[in-house]
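Residue numbering for the sequence shown follows this note's numbering, starting at 7 and increasing by one per position.
In what follows, a single structure is set out as structure tokens and then discussed.
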Amino acid sequence: MKPEDVAQYLQEHPQFFNEYADLLADIPISHPQNDKVISLNERQIIALRERNRALQDKLLELISFGEENDAIGEKMHRLTIALLSVSNLDELLSALYFSLKEDFAVPFVAMRFWELSTEPGTHTEFSPTSEDVRTIAESLAQPYCGNHIADEIKQWFGEDAEHLHSFAMIPLNTVQTIGLIVLGSPDPERFYPEMGTLHLKRLGELVCTCITRYDQAETVGEIAARDHQNQ
């Protein structure tokens, strides 16, 4: 008889230890941490304690994740309020950079927008991008996190590019892809492939919604003039 046969028999006949209750106290087995001989009852208590400890560790982990999500949710709320409170594109970009760097502690941020009616020479964010970059952005069904990005995109960080070792790329999608936000860090583990991207995706949706408020076939100057008239 194999050990598996014994285990299967006991699973199929749970009344066994009711009929042979003395075995619970009489069967000597080894302690899991030393050579001490203990009863089956004692071994069961140790197993229950180990399971309880594992459940406690899992609960603490879930609580930690919950607290972390609450903190991120609060930061996203503050960013949402900030972006909805601005009156022009300059203020929107300033609020976005400030939140990502100061509130979310992202050391380096770069972004490019296209398919919007903003004058290219007004902001670096509207500088021309290659078809390859647009293809990369369009191919992202979800934000990308990892250690490698295209050289052209990496150069958006200028002289800081050589010091960055992990990145998050967030596509901005409406009915079409209109831009790309890239977060960079010197820490290789800051943005890793297995990390969750839910909050990054929501960040992209928020920025995409806010930036398109200024895409009404108007130039930045026309937007400013209109805002001035409304004051």
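Just so it is clear, CB atoms sit at the ideal spot from N, CA and C, and this is done for glycine as well.
The structure displayed is predicted, hence computed values, not measured ones.
- Given that a residue counts as buried once 16 or more other Cβ atoms are within 10 Å of its Cβ, and exposed if not, what is Thr130? So Thr130 ends up on the exposed side.
- Message: I want to know whether the segment 176-192 touches the segment 53-66 - three or more CB-CB distances under 8 Å.
- Response: In short, these stretches do not touch, since the Cβ pair count stays below three.
- Query: Which value, in whole angstroms, describes the spacing of the CA atoms of Glu242 and Leu212?
  - Reply: Summary: the structure shown does not reach residue 242, with the chain confined to residues 7 through 237, and so no result is reported for it.
- Should Gly210 go down as buried or exposed, given a rule of 16 or more other Cβ atoms within 10 Å for buried? Burial state of Gly210 is buried, judged by a 10 Å Cβ sphere holding 16 or more other Cβ atoms.
- Item | Of the residues Cys151, Phe119 and Val12, the one placed nearest Glu200, counting alpha carbons only | Comparing alpha-carbon positions, the option among Cys151, Phe119 and Val12 lying closest to Glu200 turns out to be Cys151.
- Task: Name the one or two DSSP bridge partners that Cys151 has.
- Result: In DSSP, Cys151 forms a bridge with Ala174.
- Item | Inter-stretch contact (C-beta, 8 Å, three-pair minimum) for the segment 132-146 and the segment 100-116 | Result no; under three Cβ-Cβ pairs closer than 8 Å.
- Within its chain, find whatever has a CB closer than 6 Å to the CB of Leu85; leave out the 5 residues flanking it on each side and keep chain order. The answer, listed in chain order, is Ser105.
- Message: Please report the distance separating the alpha-carbon of Glu108 from that of Ala101.
- Response: Their Cα atoms are separated by approximately 10 Å.
- Item | Environment of Arg118 [buried if 16+ CB atoms lie within 10 Å] | By the neighbour-count rule (16 or more Cβ atoms within 10 Å), Arg118 is buried.
- Coil, strand or helix - Thr180 by DSSP: Coil.
- Query: Is Leu65 buried or exposed, if buried means 16 or more other CB atoms sit within 10 Å of its CB?
  - Reply: Result: exposed.
- Through-space distance from Pro192 to Asn94, alpha-carbon basis: Approximately 32 Å, taken between the alpha carbons.
- Query: Do Ile184 and Met175 have their C-beta atoms closer together than 9 Å?
  - Reply: Cβ distance not < 9 Å, so Ile184 and Met175 don't count as in contact.
- Item | Rounded straight-line distance, which links the Cα of Glu67 to that of Glu121 | Answer to the nearest angstrom: the Cα atoms are 43 Å apart.
- Message: For Ser136 and Glu158, which I take to be in contact (beta-carbon distance under 8 Å), what is that distance rounded to the nearest angstrom?
- Response: At roughly 6 Å, the Cβ-Cβ gap stays under 8 Å, so Ser136 and Glu158 are in contact.
- Message: Would Asn153 and His171 be called neighbours here (beta carbons separated by less than 9 Å)?
- Response: In contact: Asn153 and His171 (Cβ atoms closer than 9 Å).
- Query: By Cβ distance below 7 Å, which residues in the same chain neighbour Phe22 in space, the five residues on each side in sequence not counted?
  - Reply: Hits under 7 Å: Leu16.
- Query: Does the Cβ of Pro20 have 16 or more other Cβ atoms within 10 Å, making it buried, or fewer, making it exposed?
  - Reply: Looking at its Cβ environment, which holds fewer than 16 other Cβ atoms inside 10 Å, Pro20 is exposed.
- Beta bridge counterpart(s) of Ile187 as assigned by DSSP: As a beta-bridge residue in DSSP terms, Ile187 pairs with Met117 and Ile176.
- Give the range of the alpha helix (DSSP H) segment to which Thr135 is assigned. It is not in any alpha helix (DSSP H) - Thr135 carries neither H nor E in the DSSP assignment.
- Between Glu195 and the rest of its own chain, which residues show a CB-CB distance below 8 Å, the 5 nearest in sequence each way excluded? Around Glu195: Ser172.
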